[in-house]
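Here is the structure we will look at.
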Amino acid sequence: MKNAELQKMANEVRKGIVTAVHGAKAGHPGGSLSAADMFTFLYFEEMNIDPKNPQKEDRDRFVLSKGHTAPGLYSALANRGYFPVEDLPTLRHLGSYLQGHPCMHIPGVDMSSGSLGQGISAAAGMALGAKLDGKSFRVYTLLGDGELEEGQVWEAAMFAGYRKLDNFCVIVDNNNLQIDGPITEVCSPYPIDKKFEAFHFHVISIDAHDFDQIRAAFAEARATKGMPTCIIMRSLKGKGVSFMENSVDWHGKAPNDEEYAIAMADLEKIDRQLEAAE
Amino acid sequence: MEEKKVKKIATRESYGNALKELAEEFPDLVVLDADLAAATKTSIFKKAYPERHIDCGIAESNMVGVAAGLATVGKIPFVSSFAMFAAGRAFEQVRNSVGYPHLNVKIGATHAGISVGEDGASHQCNEDLALMRTIPGMVVMCPSDDVEARAAVRAALEYKGPVYLRFGRAAVPVINDRPDYHFEIGKGSVVREGSDVTIVATGICVDSALGAAAMLEAEGISAEVINICTIKPLDEELIVKSAKKTGRVVTAEEHSVIGGLGSAVCDALCKSYPVPVCKIGMQDVFGESGSAAALIEKYGLDAKGVYQTVKGFLS
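Those sequence lines, one after another, are chains L and B. Once you know that position 181 of the first sequence is 290 in the working numbering, the rest is easy, because the numbers rise by one and skip nothing. Once you know that position 176 of the second sequence is 226 in the working numbering, the rest is easy, because the numbers rise by one and skip nothing.
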């Protein structure tokens with residue numbers, strides 16, 4: 110896809126995130142918005158998937174280890190055609206299939222997740238399964254930077270590095286904020302790059318909102334043999350919505366009606382800017 | 051008098067043997083261990099099928115997650131470690147990564163209960179049945195001997211969904227070696243008929259219950275013994291039927307009396323046919339170091355201990 114198309118789609122994904130969280134009156138917009146470009150790139154360009162056949166055997170797999178950013182994943186899946194975009198506001202409602210955290214009953218969701226640190230292990234298991242059977246699918250997993258404080262992440266990193274799972278790609282959404290504040294003021298996981306290097310990962314650092322850099326990083330990951338890849342993407346929490354940007358307050362809070370209107374106006378303004386740029 | 055020699059084998063060994071025996075029939079079977087293959091006896095499988103044995107190192111939480119991932123791509127993973135670590139340390143991983151998505155992961159937990167022996171309380175897991183029972187959709191099994199352990203491993207492989215299997219460290223008598231033996235998940239069996247009291251037992255306590263029943267018979271007390279391998283789903287019908295006949299129930303397990311077989315039996319009885327129940331097991335205490343036999347005797351889980359408790363309960 111052209112970058113301009115990806116940017117437009119990412120903006121649609123962001124609108125879906127804000128709409129879903131507003132509809133739920135709860136949820137996690139900040140980290141969903143920081144990863145919106147990544148969700149878009151994965152589902153619209155990078156991964157071998159088929160929305161008409163979500164269980165396709167040789168598909169690439171994605172595990173949202175930072176499962177609380179389900180609105181981002183759901184919005185990308187809906188916009189990709191796995192289920193209707195109109196269902197997004199039912200997020201977290203009793204009776205809705207759109208559970209608060211990713212659940213395998215949802216079309217396109219490859220693994221239930223939400224308890225931090227667990228998704229990366231399941232993703233490593235999928236990658237190992239491909240290796241055992243000589244299959245060529247790739248496995249991607251997205252972690253938060255705060256999530257790196259979970260010990261299980263490093264058990265999984267040790268496992269994947271030791272097993273040389275070069276079909277495995279860990280992405281870290283480095284927006285620098287977690288619930289209690291900046292990650293440097295809670296229990297800093299820095300240096301993230303050196304840690305993954307020590308666990309025998311090929312490490313690539315990029316700007317999370319630059320599609321050229323995202324594309325190049327995945328090409329490099331695919332070309333890397335004999336070791337898994339970790340893409341550390343420096344991102345802006347709440348990206349695209351003025352009052353949510355780089356604000357820890359918007360980690361896990363829903364906008365009220367007034368805030369929702371401002372958020373959508375912000376995103377519509379981005380639409381107009383993208384159109385004007387063409 | 052001719053002394054009858056009883057064949058003894060530890061159920062962890064039965065587990066390792068069964069995995070190896072079933073490997074050809076179930077090509078998707080893979081075995082994961084956490085640096086304990088020699089102790090859990092998955093080393094038997096590893097020796098025959100090294101490419102299907104994945105040692106995850108001393109990292110049980112990750113191991114359970116890796117098994118979950120393997121299950122999503124069509125493998126049938128058996129996760130092995132001591133019960134303390136498989137059900138205890140990795141409880142939340144089993145709950146969220148295996149139980150919630152109802153994945154086809156089997157947990158083969160060895161060294162359960164106080165028969166771990168000399169290692170002491172830190173390694174004697176008397177809580178695993180309670181923990182695993184609370185996970186929706188989890189099948190929980192605790193075989194009583196070699197025959198049942200091997201049958202349970204096969205049944206777990208044939209069943210689609212999460213299963214917890216509990217095995218022991220110590221060699222135990224083979225008690226189910228008979229031509230009409232039949233194993234089915236969720237089905238208990240009356241291994242001795244009686245009319246005065248029902249002893250519902252699981253794991254190594256089935257043999258103790260049979261021994262106790264023989265001692266009680268010498269005193270004119272007729273005890274019915276029920277072997278419950280599947281603690282969840284429980285064979286409630288069989289237990290209620292026996293309780294209606296005898297009017298009193300004793301449960302016996304190498305586990306805490308809180309949350310295990312005893313609690314499951316009480317849940318079943320109070321629903322449809324409440325009768326007095328006496329629970330034999332670890333009475334809300336930790337174990338300690340000692341030989342398996344000495345510990346089993348000290349905590350009243352051997353035939354003599356069961357006999358004494360049943361007698362006290364009836365008087």
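A virtual CB, placed ideally from N, CA and C, is assigned to each residue, including glycine.
Selection from the options that minimises the alpha carbon distance to residue i
i      : options                        : result
T128/L : E384/L, E368/L, R331/L         : E368/L
K294/B : K329/B, Y323/B, D317/B, D227/B : Y323/B
Q333/B : H232/B, N176/B, K321/B         : N176/B
T149/L : A386/L, A185/L, H131/L         : A185/L
P337/L : D358/L, A233/L, S205/L, Y299/L : A233/L
M156/L : G226/L, A328/L, L286/L         : A328/L
S64/B  : D246/B, T301/B, K237/B, H161/B : H161/B
K210/B : V116/B, P223/B, V240/B, V148/B : V148/B
A262/B : S130/B, M113/B, V356/B         : V356/B
V224/B : S194/B, V335/B, G236/B         : S194/B
A180/B : F363/B, V197/B, G312/B         : G312/B
S165/B : P212/B, K282/B, F336/B, G362/B : F336/B
L241/L : I104/B, G350/B, S130/B, E347/B : I104/B
Y63/L  : L203/L, P216/L, E166/L         : In this structure chain L extends from 110 to 387, so residue 63/L is not present and cannot be described.
D167/L : D285/B, V123/B, L79/B          : V123/B
S351/L : A145/L, F308/L, I379/L, T333/L : I379/L
S341/B : L153/B, Y150/B, G163/B, S130/B : G163/B
A179/L : A370/L, G290/L, A145/L, Q382/L : A145/L
V194/L : I126/L, V312/L, W359/L         : I126/L
Residue i, enclosing alpha helix (DSSP H) - first and last residue
i      : result
G253/L : Premise fails: G253/L lies in the beta strand (DSSP E), 248 to 253, not in any alpha helix (DSSP H).
C316/B : 311 to 322
C255/B : 255 to 268
D146/L : 145 to 150
K294/B : 286 to 296
T403/L : Summary: the structure shown does not reach residue 403/L, with chain L confined to residues 110 through 387, and so no result is reported for it.
E274/B : Run containing E274/B: none in the alpha helix (DSSP H); it sits in the beta strand (DSSP E), 273 to 277.
Y280/B : Reading off the sequence shown, one finds Thr at residue 280/B, where the question assumed Tyr. Run containing T280/B: none in the alpha helix (DSSP H); it sits in the beta strand (DSSP E), 280 to 282.
P180/L : 179 to 189
I301/L : 301 to 307
K361/B : 353 to 364
Beta-carbon gap between residue i and residue j smaller than 8 Å
i      : j      : result
V327/B : A273/B : no
F310/L : V262/L : no
L82/B  : K156/B : no
I341/L : D366/L : no
M220/L : V172/L : yes
G119/B : I94/B  : no
I276/B : T248/B : yes
A251/B : A302/B : yes
Closer than 8 Å to chain B by CB, residue i
i      : result
L173/L : no
A233/L : yes
E256/L : no
Q208/L : no
A307/L : no
F268/L : yes
S205/L : no
S245/L : no
A265/L : yes
S230/L : yes
Under 9 Å by beta carbon: chain B residues contacting residue i
i      : result
Q261/L : A109, S111, N112, G115, Q143
Minimum Cβ-Cβ distance from residue i to chain L less than 8 Å
i      : result
I346/B : no
N146/B : yes
M51/B  : Residue confidence for M51/B is low, a pLDDT of 44 falling below 50, so the modelled location carries little weight; the figure read from the coordinates is stated next. Not an interface residue.
C106/B : yes
G355/B : no
Cβ-heavy atom distance, residue i to the ligand NAD, below 7 Å
i     : result
F76/B : As for the ligand NAD, it is missing from this structure, which has no ligand bound.
Interface residues of chain L facing residue i [CB-CB closer than 8 Å]
i      : result
G312/B : Those within 8 Å of G312/B in chain L number zero; the least Cβ separation is about 31 Å.
K125/B : G238, L241
Under 7 Å from the C-beta of residue i: neighbouring residues of chain L
i      : result
Y150/B : S221
L120/B : G234, L237, G238
Bounding residues of the beta strand (DSSP E) (the contiguous stretch that carries residue i)
i      : result
T36/B  : Since the first and last residues shown for chain B are 51 and 365, residue 36/B lies out of range.
Y214/B : 213 to 216
A60/B  : 58 to 60
I313/L : 311 to 316
Listed by chain order, chain L residues near residue i by CB distance under 9 Å
i      : result
V335/B : The premise fails here: V335/B is roughly 30 Å from chain L at the closest Cβ pair, so nothing lies under 9 Å.
Amino acids of chain B, ordered along the chain, whose beta-carbon sits closer than 7 Å to that of residue i
i      : result
M213/L : P151
Q227/L : G115, Q143, N146, S147
S224/L : E142, N146
Beta-carbon neighbours of residue i, restricted to chain B and to distances below 8 Å
i      : result
M351/L : Per the sequence shown, residue 351/L should be read as Ser rather than Met. Residues of chain B passing the Cβ test: none, with the nearest at roughly 36 Å.
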